[in-house]
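Novice: Each residue of the sequence shown is one higher than the last, beginning at 1 in full-length UniProt numbering. Ideal placement from N, C-alpha and C gives every residue a C-beta, glycine not left out. Quick one: this structure, given as structure tokens, is what I'll be asking you about.
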Amino acid sequence: MAPRKIAAKASGNKQLKIDCFFKRAVKLECGANAVVENEAKQTVPIIANAANEDDDIIFEKRVIVTSSGSGCETPKSQKRDLKRKRSKSSTTPRKDLKRTPLNNNNANTSGDSSGFFSPMGWFASPVNGKLSITRRTSTPLNENEAVSSSRELRKKSLFSVASSEQSSFTKLKLKSKQQENDNCQIIDRFNEKKEDRLSNTSSTASETLAHEVTLNKCDEGSDAIFEEETVDGSEFQEREISKNVANIEEKSKDENSSKNDASEISKKLSELSPFVPDVEFNSDVFRTFYVSAVEKEDRQIKLKLQYQTHTFDCVIRGLWSSTCINVGDYINIKTKNYEKNTFFIDDNEGTLVLKPETMVSCTSMSSSVFCMRKAWLSQKFTGWCSSNKYMLVGSIVHQLFQTACVERIKTEQELNNLALKLTQNSQVFLDCYANNITTDQLMSELALYIPNIAQWLSKYMFNGPSRINDESNEQMQLLKVHDIEDNFWVPTYGLKGKIDVSLKVKIHDNKKKNEVNVPLEIKTGRPSFSFEHQGQVSLYAIMMDSTEYAPCDSGLLLYLKDKPQMKRVQVKSREKRSLIQTRNDLVHYFGDLKIGPPPKNSENLCSKCDSLLPCSLMFKAFGSNHFEDSQIMSEKIVPHAANHLNQEHIDFFKKWVSMLHLEMSYTNNYEHSTERLDFWNETSEERESNGLCFAKMVIKNRIGSVYTLKRKHFRTSENQLNHSKNRIRIADRVALSFDDETKSKEVRIAFATGYVSKLTEDFVEVTSDKILDRSFHERIIRIDYIPNENTFSFYFSNLLHLMLFDERPLQLRRFIIDGHPPDFQKGVHKKIVSICKTIIRPLNKSQQRAVLRSVTANDYVLICGTPGAGKTTTIVSIVRLLAEIGKSVLITSYTHSALDNILLKLKNFDVKFIRLGNLSKMHPELIQFSDSNQLERVKSVEELKILYSSIPVVATTSLSTSHPIFEARTFDYCLLDEASQVNLLASLGPLFYSTKFILVGDSKQLPPVVKCKEAKELGFDQSLFSLLQNEDNTVYLTIQYRMNREIMRVASALMYENTLECATEEVAISTLNKPSDTNFAKKWMATVLSHELQHSFLFANTDRVPAKHQEDEKGLVSNEVEALIVKQLVDTLLINYQLVSSEIGVIAPYNKQVEILREMTKHCNVEVNTVDKYQGRDKDVIIISTVLSSDDCKMKDLLQDVRRINVAITRARKKLIIVGSRQTLLYYKPFQDLLLILRKDQIYELPKDAHL
């Protein structure tokens, strides 16, 4: 909240300026009667005495400072009253945008001799060395709140006045005279819980509560005493009137300067209307407003809007009145109809953009012109349809045309050579392989377009001007190609898209010649000039008009099939309003995650739609009872489309869609995520401070599509990029935008997107999705992190794929939904036995059993890999055996690290494999096996087919199944590692491309990560492994190679029903070596760090130590005293036991504690991390900081999950120390069980000075 300033200084012209937290100042003449002039030009005499220019002014009457106008900042108390008075609910705006709804109600006047008394007003009167600040609010008087208190504080400190309930408070801030010219700043804040409670309390306007706070000014450096008095509002008003009248009369008599008596002053002040300044707006510029109230009528909508600290009304009529606006939304408005703080938008004037922070692609918009439901579905089920030959041809034709424009190619022969060049690259080979065509077949398709492209170029580029089409008198000549694949994000309209070619052309019309910028949209299908295509061109023109290409009021639509046919699409006001309103409707439906827009309800149209299945499933699951006139949809279309699914399948679909929506909503909620989608609403410096941006960068080099960017600053200290505080990592998706100070229309947002390919302290490498013009190298650029929106798209697509009427989805539904058990062969074939002997001989019994069970499975098998049980060795053995008997295998895992761990072992054997994925995410030793590396030697589609058919093993992450290889190849087996840590829907993707599958995991270790508590309670953290697991289909690896017998004993008893056993005696008795120095800094360390086997697992109890945990205002938990104990243990291990840093690991459940521990141990570089980051890892010594220690038994979720405790304690090989409060941890069931398993000698009571 902006401070409210009350300042008074004499200026050179003997006038006094008073800043009463209004935007414009009020002027008072010095040494005589001064006047306050309001909007209606009415004046009020004010006495202000000042002798010299720099003298402080003493007001000799009470000055009224009202907050009812739109030119002031409103106290939160007023917002609270506004909530209670509204007939409809309101929503507090996002805190991060610092926009607060204001009340624009007129203040009531009264006969107060010192002026009118606003219900939301402030009284400010510096008199006799005191500054009295009084506020009145319409708050019901509560006995518990009617308290008085006085406090002392130094200047520049904070003063709090709190009620006895400790549920509300007022903060006052006083700044020193030397620093702020004797300004007194008053900041009023309220506790949100109190605000919420009051918002639900019914009250009347006559019930008031007033606070009078008096500041006694003292000498510089002395204490300032604040006195607060809480009284009944009506009594307060009467008392203040009489007191102020007496005060003014007495002052007037003493100084003989009064020209008006108290009654005359009272009369003039009572005639004043509230001061409401009229804010001027540029009618050609959009402004963003927060919607604080909505009133819907038959043919219009009335809104209360907030812009910064101003409040406005808005009346919406005509086409715009159908907009679904809710309290809490943000809208963009541009209109010339504006008077008396009210905007008017109708069919003749004005534009309204709903939720401009939601960027809608022009492709989605164009499809919504015909069917909005299809556009809504495509936003949810992105990319579930596979590519086809026609899409590939269209893509190459676009590249051919764009390159020809840029390089100014004239002849068909040159175009033919260019086409041949474009088809001779690895990506085209992959696309041809996926669509089962050769490059010769592709070239024959392209040959149909080459003459048409040459004809167009000749007509408009080399020999223009020429008529645009046969039906138009307009002629056109191409002057310049601005860019190709020009990327636009336009928050003004909430639109984004890529323009095929942006041009500068000369239009000849009726003897007029106009040079204009236009977008050119290329279509490779048959000419239709449909509304969808013309609407898409219009949207591109609208976007270009908002950038440096303005003005732009038209676009070109070009069809290249058969013969070139082109039309100039004019963007008229009516069409523009219709398109923007269509976008508003679509954005509204984007917020409606389940029901969506109504279907077309046409048997002829809907039955041919490629979105028929998702449309029918969403309709059957959620929308059948919400649409009128949907008889055809419910009785004919949906039953036919979903005829292969039973009710259990529909219920499964409905459940998982509902949970996906909950998780999506939580993830995208600004209160739970700092990864804002509308990054353009923050400065680059703000974003960088949050670790989501690199600001002030410039392009220094380019190799292909890889750009190297460095700091603009010249000082060495500012050149370096602080990666430790930045969350941008290699392979993260980023957007490049201008970051220099230019005209608003030149500040392009996301002119390119890409991913980070390299990070150093000096530069960032970004692989861009387009080649940038040299002009971009001269600009200052910001690199913004963009959240990955593809994860949920994969989930939706996998779920939809499971519902398809195909053989593989049918099989998977039988196992996953219907619960059919898998089938196994009765024995192993003799041929396989002879082959597998050499492979399984080095394995232990449980590992051998897992390998043989895998090759006998006809459907699927599960392998439970307990901690340290040689899971990766078992997987490699299974893959080797399957490859040896001629089977193809798809190896997949949710994480790159787990996948690479398998391949690093597999590469030591004679098994051919290929690794798909981003090179920057791969282990360096595996790059030689990457798809990119292998394709460098491929010269044709035929060679590619031979390569892929010769490689039996393909490896990729579970969310990377969009590679073209999956369009043309099915594997015999899919082996999914970390299956228990992966969401069920994430596991499905790879399974569609195999006939059998093997899941490897442990449901007693970390589950899938779920952010939304409600979604988790419904089962969103269920993995496919945990769903299918039972004794009949699961093989358990129980012989472990990691923990000594003492550590294993506890883990086995806690989680595995005492089934674990050590692989060898050497593993069982493995402990720390004797300390090289037995002189420990403290005696207790000798016991806690004992190298004896029986003390390998030890709980260090901190109950005697003053080690209470802390929780900050954000709810982040830490324990610095406990961290000090951990630091001492680490230092002693390094010094006395001569361990190296890499042999020690520290685990804490909370990120704040991890940060503190990292800071304390940074001198020795010991790895400190959360439990999640240690999954699959191990160390000789593990120290666990449990953090929580408090008399308050407020439960924390992380310590209630026994699976997390299991992972933490099974990371240690030789020594495990848990540091924590036994008394606190006993509140948690997992720790109750753990402490019961420990012997008495394994629990050590730390002395009270252990941290010192």
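(1) Name the residue from Ser-793, Ile-875, Ile-1039 whose alpha carbon lies nearest to the alpha carbon of Ser-962.
(2) In angstroms, rounded to a whole number, what distance separates the CA positions of Asp-486 and Lys-504?
(3) Can you give me the Cβ contacts of Ile-345 inside the same chain, cut-off strictly under 6 Å, excluding the 5 residues immediately before and after it?
(4) I'd like to confirm the pairing. Which residues does DSSP put opposite Arg-782 in its beta bridges?
(5) Examine the Cβ distances between the stretch 822-840 and the stretch 878-889 and report whether three or more of them are shorter than 8 Å.
(6) Pick helix, strand or coil for Pro-990, following the three-state DSSP scheme.
(7) Would you grab the beta carbon distance between Leu-1072 and Lys-1215 for me? Rounded to a whole angstrom, and I think it's under 8 Å.
(8) Following the continuous alpha helix (DSSP H) through Cys-836, name the residue where it begins and the one where it ends.
(9) Going straight from the alpha carbon of Asp-545 to that of Thr-582, what length do you get?
(10) Taking the beta strand (DSSP E) that Ala-955 belongs to, which residues open and close that run?
(11) Of the choices Glu-682, Ser-658, Glu-765, whose alpha-carbon is the least far from that of Asn-701?
(12) If we count Cβ pairs, one from each stretch, closer than 8 Å, do we get three or more for the stretch 1173-1185 versus the stretch 983-998?
(13) Exposed or buried, which one is Arg-1042 when buried takes at least 16 other CB atoms within 10 Å?
(14) Is Gln-306 closer than 8 Å to Phe-286 when the C-beta atoms are compared?
(15) Closest to Met-664 by C-alpha separation, out of Ser-768, Gly-591, Asp-629, Arg-841, would be which residue?
(16) Nearest-angstrom Cα distance between Ile-786 and Val-657?
(17) For Glu-532, which residues from the same chain have a beta carbon less than 8 Å from its beta carbon, with the 5 sequence-adjacent residues on both sides left out?
(18) Which same chain residues end up closer than 7 Å to Val-397 when comparing Cβ atoms and leaving out the 5 residues on each side of it in sequence?
(19) Who are the near neighbours of Asn-1033 in its chain, counting only those whose CB is closer than 8 Å to its CB and skipping five residues on each side?
(20) So if DSSP puts Lys-597 in a beta bridge, which residue, or which two residues, is it bridged to?
(21) Taking just the CA atoms, how far does Asn-790 sit from Ser-386?
(22) Please specify which runs of the alpha helix (DSSP H), each continuous and at least 4 residues long, are wholly inside the stretch 1108-1143, giving them in chain order.
(23) Compute the Euclidean distance between the alpha carbons of Leu-975 and Phe-997, then round it to the nearest angstrom.
(24) Among residues of its own chain, excluding the 5 on either side of Asp-1233, which ones have a beta-carbon nearer than 8 Å to its beta-carbon?
(25) Touch check for the stretch 493-511 and the stretch 466-478: three-plus C-beta pairs under 8 Å?
(26) Where does Ile-703 sit, in a helix, a strand or coil, going by DSSP?
(27) Counting Cβ pairs closer than 8 Å, one from the stretch 1225-1245 and one from the stretch 1194-1212, do we hit at least three?
(28) Using only CA atoms, which one of Glu-1111, Gly-596, Phe-653, Val-1219 lies nearest to Ile-817?
(29) Where in the UniProt domain "DNA2/NAM7 helicase helicase" (843-939) do unbroken runs of the beta strand (DSSP E), each at least 3 residues long, occur, reported from the N-terminal end onward?
(30) Report the three-state DSSP secondary structure of Thr-1186 (helix, strand or coil).
(31) Ends of the beta strand (DSSP E) at Leu-1216?
(32) Quick one: what's got a C-beta closer than 6 Å to Val-954's C-beta in the same chain, skipping five residues either side?
(33) From the DSSP secondary-structure annotation, give me the bridge partner or partners of His-310.
(34) Could you tell me which of Ser-634, Ile-499, Ser-940 sits nearest to Asp-431, measuring between CA atoms?
(35) Use the C-beta contact count for Val-276: other C-beta atoms within 10 angstroms, 16 or more gives buried, fewer gives exposed.
(36) How far does the alpha helix (DSSP H) with Pro-639 in it reach, from first residue to last?
Specialist: Reading from the atomic positions:
(1) Mapped onto the sequence shown, residue 962 falls at position 962. Residue Ser-793 is the option with its Cα nearest to Ser-962.
(2) Here residue 486 refers to the residue found at position 486 of the sequence shown. Here residue 504 refers to the residue found at position 504 of the sequence shown. Taking the straight line from one Cα to the other gives about 14 Å.
(3) Translated into positions along the sequence shown, residue 345 becomes position 345. Sequence-distant partners of Ile-345 (beyond 5 residues in either direction) whose C-beta falls short of 6 Å from its own C-beta, in its chain, are Ile-316, Trp-320, Thr-335, Leu-352.
(4) Counting from one through the sequence shown, the residue named residue 782 turns up at place 782. Answer by DSSP bridge pairing, in chain order: Ser-737.
(5) Contact annotation: the stretch 822-840 touches the stretch 878-889, with at least three C-beta pairs closer than 8 Å.
(6) Translated into the one-based positions of the sequence shown, residue 990 becomes position 990. Note: Pro-990 maps to helix in three-state DSSP.
(7) Looking up residue 1072 in the sequence shown gives position 1072. Looking up residue 1215 in the sequence shown gives position 1215. Right, their Cβ atoms sit about 5 Å apart.
(8) Numbered from its first residue, the sequence shown carries residue 836 at position 836. Run containing Cys-836: 830-840, per the alpha helix (DSSP H) assignment.
(9) As a position in the sequence shown, residue 545 is number 545, starting the count at 1. As a position in the sequence shown, residue 582 is number 582, starting the count at 1. Spanning the two alpha carbons is a distance of roughly 19 Å.
(10) In the sequence shown, the residue the question calls residue 955 occupies position 955. For Ala-955, the uninterrupted beta strand (DSSP E) run begins and ends at 953-957, by DSSP.
(11) Taking the first residue of the sequence shown as position 1, residue 701 is located at position 701. Of the residues Glu-682, Ser-658, Glu-765, the one whose Cα lies closest to the Cα of Asn-701 is Glu-765.
(12) No, the stretch 1173-1185 is not in contact with the stretch 983-998.
(13) Here residue 1042 refers to the residue found at position 1042 when the sequence shown is read from its first residue. Residue environment for Arg-1042: buried (at least 16 other C-beta atoms within 10 angstroms of its C-beta).
(14) For the purposes of this step, residue 286 is taken as the residue at position 286 of the sequence shown. For the purposes of this step, residue 306 is taken as the residue at position 306 of the sequence shown. At a Cβ-Cβ threshold of 8 Å, Phe-286 and Gln-306 do not count as neighbours.
(15) Sequence index remark: in the sequence shown, residue 664 carries index 664 (1-based). Nearest of Ser-768, Gly-591, Asp-629, Arg-841 to Met-664, Cα basis: Gly-591.
(16) On the sequence shown, residue 786 is found 786 positions in, with the first residue counted as 1. On the sequence shown, residue 657 is found 657 positions in, with the first residue counted as 1. Taking the straight line joining both Cα atoms gives about 24 Å.
(17) The sequence position of residue 532 within the sequence shown is 532, counting from 1. Ser-366, Ser-367, Val-369, Phe-370.
(18) Residue numbering aside, residue 397 sits at position 397 when the sequence shown is read from its first letter. So the qualifying residues of the chain are Leu-446, Tyr-449, Thr-524, Leu-560.
(19) As a working mapping, residue 1033 is identified with position 1033 in the sequence shown. Residues Pro-821, Pro-822, Tyr-860, Val-861, Leu-862 of the same chain have their beta carbon placed closer than 8 Å to that of Asn-1033, with the five preceding and five following residues left out of the count.
(20) Position 597 of the sequence shown holds residue 597. Note on identity: in this sequence residue 597 is Pro, with Lys being the wrong assignment. Pro-597 is not bridged to any residue.
(21) For the purposes of this step, residue 386 is taken as residue 386 along the sequence shown, with counting starting at 1. For the purposes of this step, residue 790 is taken as residue 790 along the sequence shown, with counting starting at 1. Rounded to the nearest angstrom, the two C-alpha atoms are 16 Å apart.
(22) Those alpha helix (DSSP H) runs which fall completely within the stretch 1108-1143 and span 4+ residues are 1120-1136.
(23) The sequence position of residue 975 within the sequence shown is 975, counting from 1. The sequence position of residue 997 within the sequence shown is 997, counting from 1. Approximately 6 Å, taken between the alpha carbons.
(24) Walking along the sequence shown from the start, residue 1233 turns up at place 1233. For Asp-1233, where only same-chain residues beyond five positions count, the Cβ hits under 8 Å are Leu-1054, Val-1202.
(25) As far as the Cβ criterion goes, the stretch 493-511 touches the stretch 466-478, which means the pair count is three or higher.
(26) Indexing the sequence shown from 1 puts residue 703 at position 703. When secondary structure is reduced to three states using DSSP, Ile-703 falls in the strand class.
(27) Yes, they touch.
(28) Here residue 817 is taken as the residue at index 817 of the sequence shown, counted from 1. Nearest neighbour of Ile-817 by Cα position, chosen from Glu-1111, Gly-596, Phe-653, Val-1219, turns out to be Phe-653.
(29) Segments of the beta strand (DSSP E) lying fully in the UniProt domain "DNA2/NAM7 helicase helicase" (843-939): 860-865, 889-893, 913-915.
(30) Translated into the one-based positions of the sequence shown, residue 1186 becomes position 1186. The answer is coil: DSSP assigns Thr-1186 none of H, G, I, E or B.
(31) For this step, residue 1216 is matched to residue 1216 along the sequence shown. For Leu-1216, the uninterrupted beta strand (DSSP E) run begins and ends at 1212-1220, by DSSP.
(32) By one-based count along the sequence shown, residue 954 stands at place 954. Cβ neighbours of Val-954 within its own chain (closer than 6 Å, five residues either side excluded): Leu-890, Ile-914.
(33) As a first step, residue 310 is located in the sequence shown; it is residue number 310 there, counting from the start. DSSP links His-310 through a beta bridge to Tyr-307.
(34) Taking the sequence shown and counting its residues from 1, the one referred to as residue 431 is at position 431. The residue with the shortest Cα to Cα distance from Asp-431 is Ser-940.
(35) Position 276 of the sequence shown, counted from the start, is the residue given in the question as residue 276. Its pLDDT being 39, under 50, Val-276 is placed unreliably by the model, and nothing is read from it.
(36) Counted from its first residue, the sequence shown places residue 639 at position 639. 638-641 is the span of the alpha helix (DSSP H), which, as asked, contains Pro-639.
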